[in-house]
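Below is one structure; the comments refer to it alone.
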Amino acid sequence: MATNTLSPSRRAPSKAPAGSLTQLTVPITGLSCAACAGSAESMLKAQPGVAAAGVNFATQTVALAFDTSQVQLPQLQQALQSVGYDLIVDEDNATDKQAELQQRHYQDLRRKTIWSAMLAAPVVVLGMFWMEAPYANQMMLVLSLPVLWLGRNFYVGAWRQARHGRANMDTLVALSTGIAFLFSAFNTLYPDFWHRRGVHPHVYFEAATVIIVFILLGKLLEERAKSNTSSAIKKLMGLQPKTVRVMENDQEQEIPAVQVRIGHEVVVRPGEKVPVDGVVTSGSSFVDESMISGEPVPKEKTAGASVFAGTVNQKGAFRFRAEKVSGATVLAQIIQMVQQAQGSKAPVQQLVDKIAGVFVPVVLGIALLSFTAWLLLGGENGLTQGLLALVTVLVIACPCALGLATPTAIMVGVGKGAEHNILIKDAESLELGYKVNAVVLDKTGTITEGKPEVTDLHWLVADAEQPGYRAVLLAIEAQSEHPLAEAVVRYLPGTPPASLTMFNSLTGRGVEARSAGELYLVGNRRLLQEHELLLTPDVEQLASQLQQQAKTVVFFADNRRVLAVVAIADRVKETSRQAVARLQQQGIAVYMLTGDNAQMAQAVAAQVGVEHFRAEVLPADKAAFVQQLQAEGKVVAMVGDGINDSQALAQADVSIAMGHGSDIAMDVAKMTLITSDLNLVPKALLLSRKTVQTIRQNLFWAFIYNLIGIPIAAGLLYPFNGFLLNPMIAGAAMALSSVSVVSNSLRLRAARL
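Those letters in the sequence shown? Residues 509 to 1261, by the working numbering.
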């Protein structure tokens, strides 16, 4: 991932060479609906040098790719400002700036909603119950004017769009309320115009004002709901301390966290959060790393140990050298992955965006058609009814519910995943996960712990002799460079090592060493044979049993006899068998691939309940196997942790990396499991299923609402039962549709995985 020096969602365009294609995600302001997002997107795409632009209404961001030799970010900002939107550029902390603007916008929206509701209430009372009272129309006119002023953003936005030949939700609101108000104002000031024609001059001030109130209320609830969906991001950002203490000229100084540089010596006191990633140089303590590892037990940190931003120091104090700062820290990368995922568009959203783009012009056409039909066929009340139908269609057809259906569900789904230590890089994997019917698991580091450990130590000598031999074994393994030797050293803590007078590493066989004049051997069966040491039947049987359990057997001997048999294995994670069983219960076929030998693979597969496995496979073989499953019509999820899994991860339909694995695997994968708990795989697939169900529910209600509402608003039922929809009721229904879609998405937060 790219290093970020501004904020987790941005990369500095100024660092790109002239003529290169710069890619960045920038906060955008002024969006009021999905059609606004489409309008802003098309305006950006129309600018010279812009290769791609994707505006996300839910996250209020735009992903840009543009040629810096043809256009610069300020020019794109000016283009958007001309149609009523804006970009947040040249900010050290654009995310905080956007949050501040959103909070200010929310408070302004809240104030406008309260005042417009207070002014509209008497208008509704007069219009519904006292319409024949003296000067009722004039009082409603006076009270309606400030309500329209409070909703002036709709008219300003519609005018800016119209200047560029565009239309959005503001166009619908401005036309419907504007026509209703002007028509009512004309009837109030010039009632004789209608009286001379034998028509009573009706007024619809209550419709114009209440429409604005309901739309403002709907937007207020949407703003609050959207801020709730991004709570996972806010919690992650809250883990970053604002200030840091560093050592400068042997003195402790407090500086803003953004000013920490690589090489700074950082001081961490008891109870404080670690500000950046680094390596401990002095002091010791225990650090709570549960936000990264998921493990509840704090880890001991001494000189040479790694520490990570956002983790919490316990009672001790220490200093560490900063090695990763700003956007390069593990925490910043986690935040960036979640933000990218919440801002990405699911494939179904591509279709929704296209529909939203043509929705407004189609609605305008239907509104004009209904007005014309009423004017020609409505008789003496044709003009009045036509205007009513025009206003009602424009109001009820708001595309907000349609535009919010997918992104709100994706945002909540990604946030829900983050709460369960599942980081989802893009929406496509979240949408596709529910279709998975085959899961391919790497063995080492995925099913197993990924590091060898001593599982058995069988001494073949008397108890009284063991301490001396244990000291010799520890001394030999402490000097050995073999990876398995570390496991033995970890298994013998607190044992003082013996002194060695000779040490000789024998490639492919083991080690020979001398201590107190005696020759000792640590290695495999071949080493024993070279020294003509024979295994007794009991030892032979013991070694065979251990090997059948997928364990590596190491012999410890002197020049006369075998002293001990050590069994080393990569332990199977406690949760692996449960995870495999849960996947199989969901009807998903589980496969295991490994580069180990067939005996080892068979033993591990039997331990966790995997029926299909392949051993001694190379990285290219793993990718080919995934491709083979896809050719058979399966939707494949690949789960791995190493560089050797990266090809298969890239080939799979859904790729999942273990959080403790290699950076390359995590870069390639579309999902990352922070705790490396295999149980998170079935949880991730279940989350996908629930998210897609929510998207489908949202789209169903959004489409059904418009399919039913627009014809009724146009007056389709009038010839049959004389029913005409009141514009005021249409405004309430429109606001309710958006709120219901967002509320349905928020139900995901309570889903059990």
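Backbone N, C-alpha and C define an ideal beta-carbon position, used for all residues, glycine too.
These figures come from a predicted structure and were not determined experimentally.
What's the C-alpha gap between residue i and residue j?
i	j	result
A1156	V1134	6 angstroms
A573	M551	14 angstroms
L895	R1255	39 angstroms
K823	Y614	41 angstroms
L683	V899	7 angstroms
G941	F816	31 angstroms
Q1037	A1165	43 angstroms
A1128	V1088	24 angstroms
A986	V997	6 angstroms
R668	F637	38 angstroms
Q850	T679	Here Q850 scores only 49 on pLDDT, less than 50, and its place in the model is too uncertain to base an answer on.
L1027	Q1115	39 angstroms
V776	L1071	48 angstroms
G1002	V1030	20 angstroms
Q1055	V1061	7 angstroms
G923	A1192	12 angstroms
A1259	F794	34 angstroms
G925	L1195	7 angstroms
A881	L1224	11 angstroms
P783	S814	13 angstroms
G786	D796	15 angstroms
Which class does residue i belong to by DSSP, given the choice of helix, strand or coil?
i	result
D700	helix
W667	helix
M1108	helix
M1304	In this structure the chain extends from 509 to 1261, so residue 1304 is not present and cannot be described.
N1012	strand
H1330	With the chain covering 509 to 1261 only, the question about residue 1330 has no answer from this structure.
Q987	helix
K1130	helix
F816	coil
V1047	helix
Q531	strand
E1038	helix
L1261	coil
F1231	coil
L1186	coil
G577	It is worth fixing the name first, because residue 577 is Ser in this sequence and not Gly. S577 falls in the coil class under three-state DSSP.
Buried or exposed, going by whether 16 or more other CB atoms sit within 10 Å of the CB of residue i?
i	result
P778	exposed
Y643	exposed
S792	exposed
F1228	exposed
A1139	exposed
T1044	exposed
Q1159	buried
S1084	buried
Y1213	buried
D616	exposed
F1063	buried
From this set, the options, which residue's C-alpha is nearest residue i's C-alpha?
i	options	result
P535	Y643, L609, S1251, P764	L609
G538	I984, F794, V664	V664
V1250	T1044, L1233, L1036, A1210	A1210
G890	A1222, L529, A548, K553	A1222
F879	Q568, A897, V870	A897
C544	T1003, Q568, L1181, L532	Q568
P960	P556, A561, A881, V1074	V1074
A1123	Q646, L1137, R704, A1106	A1106
L1008	G1025, P699, R612	G1025
N1012	P1004, R1068, A587, A983	A983
A1113	A628, A1132, A1131, K1081	K1081
S1090	N1187, G635, P1219	A quick correction: the sequence has Arg, not Ser, at residue 1090. The option with the nearest alpha carbon to R1090 is N1187.
Determine, for residue i, whether the minimum Cβ-Cβ distance to residues of chain C falls below 8 angstroms.
i	result
A1158	In summary, chain C is missing from the structure at hand, where a single protein chain is found.
Quick one: measure Cβ to Cβ for residue i and residue j, integer angstroms, because I've assumed they're closer than 8 angstroms.
i	j	result
R674	S590	Actually they do not touch by this definition, with Cβ atoms about 11 angstroms apart.
S692	V711	4 angstroms
L1035	R1017	4 angstroms
L656	T685	7 angstroms
Q1184	H1168	Correcting the residue type first, residue 1184 is Ser in the shown sequence and not Gln. Their Cβ separation, rounded to whole angstroms, is 5 angstroms, which keeps S1184 and H1168 in contact under 8 angstroms.
M1100	I1216	M1100 to I1216, Cβ: 51 angstroms. No contact.
A1265	V1143	No answer is possible for residue 1265: it lies beyond the span of the chain, which begins at 509 and ends at 1261.
S1253	A917	4 angstroms
F713	S652	5 angstroms
V1047	L968	7 angstroms
At a cut-off of 7 angstroms, is residue i close to the ligand FMN when judged by its beta-carbon and the heavy atoms of the ligand?
i	result
A571	This structure simply doesn't include the ligand FMN, nor any ligand for that matter.
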